[in-house]
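Taking it in order: structure first as structure tokens, then the write-up.
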Amino acid sequence: MEFNYCGHSGLLLPKISLGLWHNFGSVDSYETATAMILRAFERDVTHFDLANNYGPEPGSAERNFGKILKENLASHRDEMIISSKAGHDMWPGPYGDGSSRKNLMASIDQSLKRTGLEYFDIFYSHRYDGVTPVEETMQALIDIVRQGKALYVGISKYPPLLQQKCYDILKEAHVPCLISQYSYNMFNRAPEAENIPLAAQNGSGFISFSPLAQGLLTNRYLNGIPEGSRAARATGFLQTETVTPARVEAARQLNELAQQRGQSLAQMALAWILRDERVTSVIIGASSVQQLDNNLDTINNLYFTDQELARIEEILKDPELQLK
Ligand SMILES: NC(=O)c1ccc[n+]([C@@H]2O[C@H](COP(=O)([O-])OP(=O)(O)OC[C@H]3O[C@@H](n4cnc5c(N)ncnc54)[C@H](OP(=O)(O)O)[C@@H]3O)[C@@H](O)[C@H]2O)c1
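Quick note on the working numbering: the sequence shown kicks off at 723 and runs consecutively.
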């Protein structure tokens, strides 16, 4: 594994981190979940990304992670960076959703209880909820750090204007925004315009979620939608309508280029994100140890020629390929 400093901080993060959004819930195999976490840690993936609502059912990914940690890796806590988030729908009533102080404060206590951790390394506001003033949400993050419940804070999916406001408020309180988390991949290049430059200008690290576009940028859908894949599963977030013929054709062409580079398509898609030095890490998902291993081998070839980058631009030039 290779590591990058996270923005203007002294914290090193692995170039490839593991996310527990899918495949670690109570509906999934606990054995596979355990095997993936142990394999990841064995291969120096020191960063694990959670949120209160990951499952299904919501909360079960945190519960499983805490159990796996306790049973297998208890003595290694100081070798890990564990993040969680609050901001999406989690419990009934008006306080279980959104970015109010009430939600964040209650949520981190619930997440600490579920995981059995004493603190999170990074705690995020999962989203701007469209209503709560960012001053309120950022003050909650600042207080969470001051209370010792998290070491660092981050923001996720904030639109550019509010993203800058968050950085300013956090900086003034001397709790700088360690990291900014956005969906960024070959099929979602929107963050290139403002989110990535803003993060870099403000000394915040940038971490890409869904770097494989939930599997679209792998060989998973080259020959239809296979049984057990995220698009086929009732609990999967990837809709079958998103697997369009145009995206499958682009993936096929990208796959040919990846083969010429001696890589899998997944590896090339991850390396392409990491080509940008402003990107600290990619948070991959995986449903098996084989997928995880394949993705971690990305590190063996992160280099692109100008011709390869131009060919990728050519394949991606149809705006219809871009996800929202
Ligand atoms: N901040 C936010 O709002 C937010 C939102 C979404 C995600 N995230 C974070 O980002 C993490 C990653 O998101 P993601 O799971 O969507 O990431 P992803 O890496 O884009 O997609 C992962 C899926 O791609 C397929 N896959 C992975 N490696 C493969 C390989 N080598 N060959 C073939 N298929 C492969 C698997 O699908 P199958 O299941 O079909 O095998 C896997 O479940 C999440 O766990 C979470 O931590 C954050």
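In this text, a Cβ means the ideal position worked out from N, Cα and C, and glycines have one as well.
- Non-local beta-carbon contacts of Thr962 in its own chain, meaning distances under 8 Å to residues more than five positions away in sequence, involve Ile947, Ala953, Ala954 in chain order.
- Straight-line spacing of the CA atoms in Asp766 and Ser932 works out to 20 Å.
- Counted as a single uninterrupted DSSP element, the alpha helix (DSSP H) harbouring Gln923 occupies residues 917 to 923.
- With 16 or more other Cβ atoms from the protein chains shown falling within 10 Å of its own Cβ, Gly777 counts as buried.
- At a cut-off of 4 residues, the continuous stretches assigned as alpha helix (DSSP H) that sit fully inside the segment 784 to 843 are 823 to 837.
- The alpha carbon of Ile995 has as its nearest neighbour, out of Leu1014, Phe909, Val970, Leu740, the alpha carbon of Phe909.
- Taking the Cβ atoms as the reference, Ile901 lies roughly 11 Å from Ile1005, outside the contact range of under 8 Å.
- When DSSP states are grouped into helix, strand and coil, Gly937 belongs to the helix group.
- The nearest non-hydrogen atom of ligand 1 is 6 Å or more from the C-beta of Thr859.
- Where Asn726 is concerned, the enclosing beta strand (DSSP E) starts and stops at 725 to 727.
- By the criterion of at least three beta-carbon pairs nearer than 8 Å, the segment 727 to 738 is in contact with the segment 912 to 929.
- Along the segment 838 to 895, the beta strand (DSSP E) occurs as fully enclosed runs of 3 or more residues at 842 to 847, 872 to 878, listed in sequence order.
- In terms of side-chain proximity, the C-beta atom of Asp771 is found nearer than 6 Å to a non-hydrogen atom of ligand 1.
- Between Ala773 and His848, the CB-CB gap stays under 7 Å.
- DSSP lists no bridge partner for Leu1045.
- Distances between the C-beta of Arg1033 and the heavy atoms of ligand 1 are all 6 Å or more.
- Of the heavy atoms belonging to ligand 1, none sits nearer than 6 Å to the Cβ of Trp813.
- Contact annotation: the segment 804 to 816 does not touch the segment 753 to 762, with fewer than three C-beta pairs closer than 8 Å.
- For Thr940, the Cβ falls inside the 6 Å cut-off from some heavy atom of ligand 1.
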